[in-house]
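Residue numbers (the working numbering): 55 to 595.
Please read the structure below before turning to the comments.
Structural data, given as structure tokens:
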């Protein structure tokens, strides 16, 4: 039996009116639930239909919102669900030393979710403010969502975690669109495609074409992306073979000073294993050693056994400067290159530090300790940097979550040939956090058209080519070594590498311009702001 499309649309219309007419706690609960549905599309689940449910439902809530206050609250509650479900894993970091920090979990996780949800609330407020309906409201919601995602990546040092466009790491052909429009442009397209199904609730003959228009747009990106992948040149950098070590050291052991020597020995022994032939360069994860440990003669002997004679050890390291009496006066979370004799061949200091993890914001006011060991805050480095080291193509080092920031992973001036991300996701245990972090890293590779090498203490370590494809990988919680050549860079900088977020910004500007023209035209005809009869009573939450 063939389903009647009009009958199906009629039932969807009935459902949409019921959702839009919800009030009180039921409306709040639905808004939060829709946000949770949206985050199910992110790593590691990748339940992409959850986006259709989430954003179509959000459009229906906006259709029945009435006053601006209600529209903002709908979006804010949606954001609370999205971020609380997507960032629950942050709590794991506060359980490493539970006696000291567990009490902070409710305030940090819920507070962070509520703060980030403000950006979602502003997006729905802007989309609602134009008083347009149907496909134009959906376009405005998509553009506003992308704009406020971009702002979320900058305001108060930024936290662009789980951008909607990141869901496409599960579909490599569509993922290629990030090379042209970046993750924010991809978020705009994705929100439009997901929310467009909400147009099925609108009357008229064009509701089905409107509903599938977003899918067709994604299919077009996917088709071009498939061609890009099919024509991508293969090959690796000659005479470079990397050994990436994932020691899988528990975070409780990493913060104990009496376990540091054991951790260094494990890294050294794993590095000396003949896993896949001779390596030219060895890579260890974030904070694998304290640089001062290499002054010990025994440890220098370990380094000489690890580092190839004409190569380097590139490792995450904690650098500490000490004053009179040996008291620490400054510390840096760094990437250092160590030669065969234990000498320092290069250095990069992390510049985008994690609040509460590496420093305490408003330290003079907040009586809090940071999660990482030590009484002093880490100091930020000067910014992105391109390291040019012996035997390696120039690369951009990125420590931990520095890799999540679109357009900020490459230094201006000398362009690198690859990206190196060292991280320690042991803080977050077996959760969705490390998978989401890895998805963001893959997105940066596609945006910049650069291969990415990732060394993580507990995973996920990997080699990713310039098209976001995983060439080699160690799973979360696995102890092991990757021996692999370095993939070649994509031919020429991508459109995103050249112009950044300008193409997405132009698209959003055109949408807002079109919405403003339609709003004024309706206002001139006396139609702007006209509500459904039920909306006259829709002012209170």
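Ideal Cβ positions, reconstructed from N, Cα and C, are used throughout, including at glycine.
Cβ neighbours of residue i in the same chain (closer than 6 Å, five flanking residues each side left out)
{"i": "residue 23", "result": "This structure leaves residue 23 out entirely; the chain is present only between 55 and 595."}
{"i": "residue 302", "result": "512, 533"}
{"i": "residue 97", "result": "489, 490, 493"}
{"i": "residue 377", "result": "383"}
{"i": "residue 139", "result": "90, 93"}
{"i": "residue 66", "result": "254, 255"}
{"i": "residue 442", "result": "448"}
{"i": "residue 126", "result": "175, 179"}
DSSP three-state assignment for residue i, whether helix, strand or coil
{"i": "residue 375", "result": "strand"}
{"i": "residue 114", "result": "helix"}
{"i": "residue 446", "result": "coil"}
{"i": "residue 217", "result": "coil"}
{"i": "residue 464", "result": "coil"}
{"i": "residue 271", "result": "helix"}
{"i": "residue 162", "result": "helix"}
{"i": "residue 528", "result": "strand"}
{"i": "residue 589", "result": "Its pLDDT being 38, under 50, residue 589 is placed unreliably in this model, and the value from its coordinates should be taken loosely. If DSSP states are grouped into helix, strand and coil, residue 589 belongs with the helices."}
{"i": "residue 150", "result": "coil"}
{"i": "residue 540", "result": "strand"}
{"i": "residue 309", "result": "coil"}
{"i": "residue 102", "result": "coil"}
{"i": "residue 351", "result": "helix"}
{"i": "residue 263", "result": "helix"}
{"i": "residue 70", "result": "helix"}
{"i": "residue 440", "result": "coil"}
C-beta atoms of residue i and residue j nearer than 8 Å
{"i": "residue 104", "j": "residue 92", "result": "yes"}
{"i": "residue 476", "j": "residue 340", "result": "yes"}
{"i": "residue 325", "j": "residue 297", "result": "yes"}
{"i": "residue 334", "j": "residue 351", "result": "no"}
{"i": "residue 524", "j": "residue 474", "result": "no"}
{"i": "residue 356", "j": "residue 392", "result": "no"}
{"i": "residue 424", "j": "residue 456", "result": "no"}
{"i": "residue 218", "j": "residue 241", "result": "yes"}
{"i": "residue 360", "j": "residue 336", "result": "yes"}
{"i": "residue 116", "j": "residue 141", "result": "no"}
{"i": "residue 481", "j": "residue 540", "result": "no"}
{"i": "residue 344", "j": "residue 395", "result": "no"}
{"i": "residue 205", "j": "residue 173", "result": "yes"}
{"i": "residue 198", "j": "residue 181", "result": "yes"}
{"i": "residue 438", "j": "residue 463", "result": "yes"}
Limits of the alpha helix (DSSP H) - the one that residue i falls within
{"i": "residue 577", "result": "556 to 578"}
{"i": "residue 386", "result": "Residue 386 -> not in any alpha helix (DSSP H); beta strand (DSSP E) instead, spanning 382 to 392."}
{"i": "residue 165", "result": "165 to 183"}
{"i": "residue 228", "result": "226 to 229"}
{"i": "residue 128", "result": "122 to 140"}
{"i": "residue 413", "result": "Counting along the chain, residue 413 falls outside any alpha helix (DSSP H), and DSSP gives it neither H nor E."}
{"i": "residue 501", "result": "486 to 502"}
{"i": "residue 553", "result": "549 to 553"}
{"i": "residue 455", "result": "Premise fails: residue 455 is in no alpha helix (DSSP H) and is neither H nor E."}
{"i": "residue 514", "result": "Unbroken run through residue 514: none, as it is neither H nor E."}
{"i": "residue 5", "result": "Since the first and last residues shown for the chain are 55 and 595, residue 5 lies out of range."}
{"i": "residue 243", "result": "232 to 249"}
Start-to-end residues for the beta strand (DSSP E) that takes in residue i
{"i": "residue 303", "result": "It is not in any beta strand (DSSP E) - residue 303 carries neither H nor E in the DSSP assignment."}
{"i": "residue 472", "result": "472 to 477"}
{"i": "residue 401", "result": "398 to 403"}
{"i": "residue 335", "result": "335 to 337"}
{"i": "residue 522", "result": "No beta strand (DSSP E) holds residue 522; DSSP gives it neither H nor E."}
{"i": "residue 201", "result": "Careful: residue 201 lies outside any beta strand (DSSP E), inside the alpha helix (DSSP H) at 188 to 206."}
{"i": "residue 506", "result": "506 to 510"}
Any C-beta of chain C under 8 Å from that of residue i
{"i": "residue 575", "result": "Checking the listed chains, one finds no chain C in this structure; it contains a single protein chain."}
Contacting residues, own chain, Cβ-Cβ under 8 Å from residue i (five flanking each side not counted)
{"i": "residue 272", "result": "228, 243, 244, 247"}
{"i": "residue 347", "result": "314, 315, 318, 353"}
{"i": "residue 148", "result": "155, 156, 158, 159, 162, 425"}
Beta-carbon contacts of residue i that lie in its chain and below 7 Å, excluding the five residues immediately before and after
{"i": "residue 190", "result": "569, 572"}
{"i": "residue 114", "result": "70, 73, 74, 252, 255"}
{"i": "residue 82", "result": "131"}
{"i": "residue 321", "result": "299, 301, 338, 342"}
{"i": "residue 265", "result": "250, 251, 253, 254"}
Next on the checklist: Contact between the stretch 552 to 565 and the stretch 504 to 522 is defined here as three or more beta-carbon pairs at a separation below 8 Å; is this criterion met?
Outcome noted: no
Checklist entry - Is the stretch 494 to 511 touching the stretch 539 to 555, taking contact as three or more C-beta pairs under 8 Å? => result yes
Next on the checklist: Three or more C-beta pairs under 8 Å: does that hold for the stretch 101 to 115 against the stretch 153 to 162?
Outcome noted: Fewer than three beta-carbon pairs drawn from the stretch 101 to 115 and the stretch 153 to 162 are found closer than 8 Å, and the two stretches are therefore not classed as touching.
Checklist entry - Three or more beta-carbon pairs under 8 Å between the stretch 421 to 440 and the stretch 403 to 410, yes or no? => result yes
Item to check | Three or more C-beta pairs below 8 Å linking the stretch 316 to 325 and the stretch 287 to 307 | outcome: yes
Checklist entry - Taking three-plus beta-carbon pairs below 8 Å as touching, is the stretch 208 to 215 in contact with the stretch 126 to 134? => result no
Next on the checklist: Could you check whether the stretch 229 to 243 touches the stretch 477 to 485, counting it as contact only if at least three pairs of C-beta atoms, one from each stretch, sit closer than 8 Å?
Outcome noted: no
Checklist entry - Counting Cβ pairs, one atom from each stretch, are 3 or more of them under 8 Å apart for the stretch 418 to 428 and the stretch 164 to 184? => result Too few Cβ pairs lie closer than 8 Å, so no.
Next on the checklist: Under 8 Å, with one C-beta from each stretch per pair, do the stretch 464 to 472 and the stretch 218 to 226 reach the 3-pair mark?
Outcome noted: Taking 8 Å as the limit for Cβ pairs, the verdict is that the stretch 218 to 226 does not touch the stretch 464 to 472.
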